[in-house]
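Student:
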Amino acid sequence: MDRLQAQALLEAVASGSLAPADALDRFAAAPYEALAHSLVDVHRALRTGDPEVVYGGGKTAVQVLDAVAALRAAGDRAVLVTRASEEAIGALRGGHDEVLVDGSTVAVGSLPAPRGHVAVLAAGTSDGPVAAEAALTARVFGAGVERVDDVGVAGLHRLLTARPALDRADCLVVVAGMEGALPSVVGGLVGTPMVAVPTSVGYGASFGGIAALLAMLTACAPGIAVVNIDNGFGAGVFAARVARRITR
543 MDRLQAQALL EAVASGSLAP ADALDRFAAA PYEALAHSLV DVHRALRTGD PEVVYGGGKT
603 AVQVLDAVAA LRAAGDRAVL VTRASEEAIG ALRGGHDEVL VDGSTVAVGS LPAPRGHVAV
663 LAAGTSDGPV AAEAALTARV FGAGVERVDD VGVAGLHRLL TARPALDRAD CLVVVAGMEG
723 ALPSVVGGLV GTPMVAVPTS VGYGASFGGI AALLAMLTAC APGIAVVNID NGFGAGVFAA
783 RVARRITR
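In our numbering, each number is its position in the sequence shown, counted from 1, plus 542.
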């Protein structure tokens, strides 16, 4: 349940179209639903504006299905599953009509009307899975999304041709591994709010993304927020919230 749904319930009671007892029954499911293996936070959208997301890593397909079903029953918004296994993805496709899959990220249900615009840039093709997680997260969380792939600094001309996409965006997500230079370069071209995502892509001294993380944290260009290594989800949430606020 989110704030709009709660408001609709209260308005229905006020107009007489819904009995107070029926409204109370719907609120009584809050603030969580107890499953055999999880306590699903069905009121997170009411508190924060965004529903709980199912992290698929370490969960069985049955656990993922149960959590998604609980969240779908509690509201009419799409449910996001990140780091889903192939088994869980197959189960979701078999159990739901509207399933959108990008890599290991899954959206179950109808996507919301877009508010604001997010551009997700990936330095290299190897950064694609993290960029995909960021992009689908931002879309499920309500923003319109545009992908700009393979525009790393080793071929700067590729980034320059993508300048119109940078200018259209209300918020940027910039994903890069190796030395993590792309966010600093983009930050020198535009003044758009940006969240940078270091990835674990790279050879030995990249230390699994530590080099990119430190480079982004110490970037010369101002106005860059940085999330954890490979955390496309966190970046997508951040960007969607920025974009939605801009268009309120």
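Where a beta carbon is used, it is the ideal one built from N, C-alpha and C, also for glycine.
So the alpha helix (DSSP H) residue 709 belongs to, where does it begin and stop?
Tutor: Element bounds for residue 709: 705-710.
Student: Kindly confirm or deny that the segment 630-638 and the segment 697-709 touch, where touching means at least three C-beta pairs closer than 8 Å.
Tutor: No, the segment 630-638 is not in contact with the segment 697-709.
Student: Could you compute how far the alpha carbon of residue 554 sits from the alpha carbon of residue 616?
Tutor: Residue 554 and residue 616: Cα-Cα distance of roughly 18 Å.
Student: Using CA coordinates, which residue listed in 663, 678, 661, 633 is at the minimum distance from residue 647?
Tutor: Comparing Cα positions, the closest option is 678.
Student: Tell me the DSSP bridge mates of residue 602?
Tutor: DSSP, once it has assigned bridges, lists no residue as partnering residue 602.
Student: Determine whether the beta carbon atoms of residue 726 and residue 772 lie at a separation below 8 Å.
Tutor: Cβ distance not < 8 Å, so residue 726 and residue 772 don't count as in contact.
Student: Looking only at DSSP bridge pairs, what is residue 714 linked to?
Tutor: Partner(s): 661, 736.
Student: Do you know offhand how far residue 651's Cα is from residue 602's?
Tutor: Cα to Cα, the separation comes out at about 21 Å.
Student: Quick one, which of 689, 661, 699 has its alpha-carbon nearest residue 736's?
Tutor: Ranking the options by Cα distance to residue 736, first place goes to 661.
Student: Could you check whether residue 664 and residue 717 sit closer than 8 Å to each other, using their CB atoms as the reference points?
Tutor: Result yes, Cβ atoms of residue 717 and residue 664 sit closer than 8 Å.
Student: Which two residues bound the contiguous beta strand (DSSP E) that contains residue 766?
Tutor: First-last of the beta strand (DSSP E) with residue 766: 766-768.
Student: Let's see if you can read the secondary structure: which residues bound the beta strand (DSSP E) around residue 728?
Tutor: Segment 724-729 is the alpha helix (DSSP H) holding residue 728; no beta strand (DSSP E) there.
Student: Please name the residue in 642, 782, 724 whose C-alpha comes closest to that of residue 711.
Tutor: When only C-alpha atoms are compared, the closest one is 782.
Student: Given a threshold of 16 other Cβ atoms within 10 Å of its Cβ, counted over all protein chains shown, does residue 659 qualify as buried or as exposed?
Tutor: Buried: at least 16 other Cβ atoms inside 10 Å.
Student: Can you find the residues in the same chain that come closer than 7 Å, C-beta to C-beta, to residue 730, ignoring five residues on each side of it along the sequence?
Tutor: Same-chain partners within the cutoff: 763.
Student: Could you check where the alpha helix (DSSP H) with residue 700 kicks off and where it finishes?
Tutor: Run containing residue 700: 698-702, per the alpha helix (DSSP H) assignment.
Student: In the structure shown, what three-state DSSP assignment does residue 625 receive?
Tutor: DSSP places residue 625 in coil when its eight states are reduced to three.
Student: Is the beta carbon of residue 676 sitting closer than 8 Å to the one on residue 715?
Tutor: Against a cut-off of 8 Å, the Cβ pair of residue 715 and residue 676 comes out as a contact.
Student: Quick check on the DSSP output: the beta strand (DSSP E) that includes residue 689 runs from which residue to which?
Tutor: Element bounds for residue 689: 686-690.
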